[in-house]
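Notes for the one structure printed next.
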Amino acid sequence: MLGTPPLKQERQVSTRASSEDVSIPAPNTDLSPGHGGMHVSGANATDGEAITNPLVSATSFYLQDTPGRYRFCGPSSTWSFSQRVFLLLKTALPEFPAPELPFHVDGTTWELNWARTSLDSDQLLEGLPSLHDALYLLEVAKFHSYQMLFLFDEEKFLPHLHEFYQKGLEKARSSPLWFIQYLLIIALAKRTTTKSRSSSSPPGFVFFERAMSLMPDWVGLHRRRPNLGMQILYLAGLYLVSVDMKDAAYAYVGQSFRTCIIEGLQKEPPIDLFGVKFANEGRNIWWTTYILDRQLSVMVGAPCSIQDSEITCSLPSSYDASERGTLLTVHVKLSRIMGDIIESVYTADSKQRRSFIATVQSVLRDIADILREIETVSARTAHPTLRTVSTTTNHLFLLYHQSSLESFIPFNQDNAFFSAFIVVLAFFIEPSLVPDVENYISTASWLLNAQIANGDLAAKQRSKELDLLQRMTLEIVRVEQQQLGAHEDIVSRNDLEQRPSTPDNFASWAVDVENIDINHTQILDLADQLDVLQESVWGTNFEFEYSNMWN
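Numbering (this note's numbering), first residue to last: 74 to 624.
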């Protein structure tokens, strides 16, 4: 299917390196093959021309890369959205010097490969950290999971770790799945803490490659120890998404997710059969896999893998009274909202819809409930006079504020890039929407530059995309002004050309809970204010499906 299927010439969207014709529909008409018209005429809209989401249709949308492969553009994917925007910009500016689309294709930042091997050589132990360093890297992995993912069971893992450093290869051979888990955790920690010194492979890849070369197929993982197999699969997915291989990450997390369903982890476990400890381990594995699957689904533009109505597994806060249980529950709820946005804003199903305004109100009220929980967690983490900033709470605020976009832990590169991308677009469409645009761009640039300084090639590519977006939108404004014969300076729009200095340290950009821009009460007020639009054209003609899951 993804070879080179024939497409009708007048509807083909192709971006080969050769000089092929690219047929791009004009704005306010079809944006891609099979997509309905996008009507934004406001008061002029009629019941017969309901506003639709131009990113969604029953027909798949593809871009053809230079080698000739067709790349699917998922409707909620940030990459897909950015490529479509650049398609329209290149249509408006055919002579503008810009690279051929698509660019920054998933999985092309680094060329990562591995071959199958076995535990029959001492070379598998070469370059491993000392026991002291391994314990430190475990803490790094725990810290960067923000207590919101179940990466490993510390009580089970540590005895194996000490035994491994006593017995070496003998232990690796007797506990091969544990050894794979160990290598993946070390790889993740190295990816987070080590500066890249090579353009051919990212930090931690030597350990990741070793783990993947030893990993059995799904049958082998499931036959031996299903719970550990699920953890290994989503650990592999976590590393892959950190090296800009979201499609592969989605596939590995998807295997973990389906294994969970096969084992019945989406249902409430029978405590009398399994016991409390084993049941809670299964619950933690389920919710971790659920969180990763939902967030990766948004990233790649895939539909949700399961309906929430089919899940009866208890939320973490019901069986874990600690702060960790509360935080994991909040993260689950945020991921649920992201899933509901996929199923409403990006659904191709035209049945059983609610109005656009009702949809926005439901989302806002759900988010307000979650923000209230985040505020509660933050308030009890330390005495108010200490003015501490918890990494966990900080991340939750970031995830909350960007819940309709993408968020992923521990690597929030997509957040910085896509948030800045949207800000630039909003400023281009209507400058008054973003009066302090330079501050937003400065923050995103600093975050990306910090990753670039650590040798992150994906961050470098995204920074180039943002720069290209700014230059192209400014050029369109300049051309429009010339065509209109306007001679006045475009002061407000030229703010994008001003590159303010970025902060010297990240602390100045940490989320200050007391000075956060909006609280849950203000969000509820905003939702109530939308009632006045409920009977307007937007309320009746712009419809999405959404169900308030917290009622």
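Just so it is clear, CB atoms sit at the ideal spot from N, CA and C, and this is done for glycine as well.
Reference residue i; option with closest CA among the options
i: Pro276; options: Tyr312, Val507, Ser248 and Pro140; result: Tyr312
i: Glu168; options: Gly200, Pro249, Ile410 and Met545; result: Met545
i: Val129; options: Thr399, Arg157, Ala431 and Asn300; result: Arg157
i: Tyr238; options: Tyr255, Leu250, Phe225 and Leu222; result: Tyr255
i: Asp381; options: Leu224, Ser248, Ile415 and Val326; result: Ile415
i: Ile364; options: Asn353, Glu446, Asp509 and Ile379; result: Ile379
i: Glu538; options: Ser492, Asp509, Asn300 and Gly412; result: Ser492
i: Arg356; options: Ser370, Pro376, Asp320 and Met303; result: Met303
i: Pro504; options: Arg264, Pro342 and Leu547; result: Leu547
i: Phe225; options: His205, Ile258 and Pro202; result: Ile258
i: Ser390; options: Pro508, Glu383 and Val403; result: Val403
i: Val436; options: Ile502, Ile410 and Lys244; result: Ile410
i: Lys319; options: Glu236, Arg270 and Gln486; result: Gln486
i: Arg144; options: Ala131, His177 and Thr164; result: His177
i: Asp442; options: Glu341, Gln595, Ser247 and His217; result: Gln595
i: Ser248; options: Ala431, Lys163 and Leu234; result: Leu234
i: Ile358; options: Asp529, Ala421, Arg331 and Gly412; result: Arg331
i: Thr361; options: Leu161, Gly327, Val292 and Gln554; result: Gly327
i: Arg264; options: Leu388, Leu597, Asp529 and Leu400; result: Asp529
i: Leu192; options: Ser286, Phe501 and Gly398; result: Ser286
i: Gln524; options: Thr266, Phe230, Val496 and Phe501; result: Thr266
i: Arg283; options: Val550, Trp291 and Leu197; result: Leu197
i: Thr190; options: Asp290, Ser408 and Ser315; result: Asp290
i: Ile434; options: Glu212, Ser150 and Leu599; result: Note on identity: in this sequence residue 434 is Gln, with Ile being the wrong assignment. Checked all of Glu212, Ser150 and Leu599; the closest Cα to Gln434 is Leu599.
i: Lys215; options: Lys350, Val314 and Leu308; result: Leu308
i: Pro299; options: Ser408, Val510, Leu338 and Lys240; result: Leu338
Buried or exposed by the 16-neighbour rule on C-beta atoms within 10 Å, applied to residue i
i: His593; result: buried
i: Asn186; result: exposed
i: Asn512; result: exposed
i: Ile335; result: exposed
i: Thr516; result: buried
i: Val552; result: exposed
i: Glu227; result: exposed
i: Thr449; result: exposed
i: Leu506; result: exposed
i: Ile305; result: buried
i: Pro172; result: exposed
i: Lys268; result: exposed
i: His217; result: buried
i: Asp439; result: buried
i: Gln602; result: exposed
i: Ala260; result: buried
According to DSSP, residues forming a beta bridge with residue i
i: Leu208; result: Answer is none; Leu208 lacks a bridge partner.
i: Phe491; result: Beta-bridge pairing links Phe491 to no other residue.
Nearest-angstrom beta carbon gap, residue j and residue i [assumed within contact, 8 Å]
i: Leu521; j: Ala489; result: 6 Å
i: Leu166; j: Leu250; result: Not a contact, Cβ separation roughly 54 Å.
i: Val373; j: Tyr325; result: Not confirmed; about 12 Å, so no contact.
i: Pro175; j: Asp138; result: 6 Å
i: Val279; j: Gly200; result: 6 Å
i: Gly147; j: Ser153; result: 5 Å
i: Glu341; j: Cys386; result: 6 Å
i: Ala245; j: Leu210; result: No, Ala245 and Leu210 are not in contact; Cβ-Cβ is about 17 Å, not under 8 Å.
i: Met288; j: Ile253; result: 6 Å
Simplified DSSP assignment, three categories, for residue i
i: Tyr135; result: strand
i: Tyr419; result: coil
i: Arg189; result: coil
i: Phe500; result: helix
i: Phe145; result: strand
i: Thr181; result: coil
i: Pro170; result: coil
i: Glu93; result: Since pLDDT at Glu93 reaches only 34, below the 50 mark, its modelled position is unreliable, and the value read off the structure follows with that caveat. Note: Glu93 maps to coil in three-state DSSP.
i: Ser626; result: Residue 626 is absent from the structure shown; the chain starts at 74 and stops at 624.
i: Thr361; result: helix
i: Gly337; result: coil
i: Asn353; result: helix
i: Thr594; result: helix
i: Val213; result: helix
i: Pro508; result: coil
i: Pro389; result: helix
i: Asp290; result: coil
i: Ala375; result: coil
i: Asp317; result: coil
i: Val610; result: Confidence at Val610 is low in this model, with a pLDDT of 44, below 50, so the placement of that residue is unreliable and no value is reported for it.
i: Asn527; result: coil
i: Leu201; result: coil
i: Ala310; result: Rather than Ala, the amino acid found at residue 310 in this sequence is Gly. Helix.
i: Phe223; result: coil
i: Lys229; result: helix
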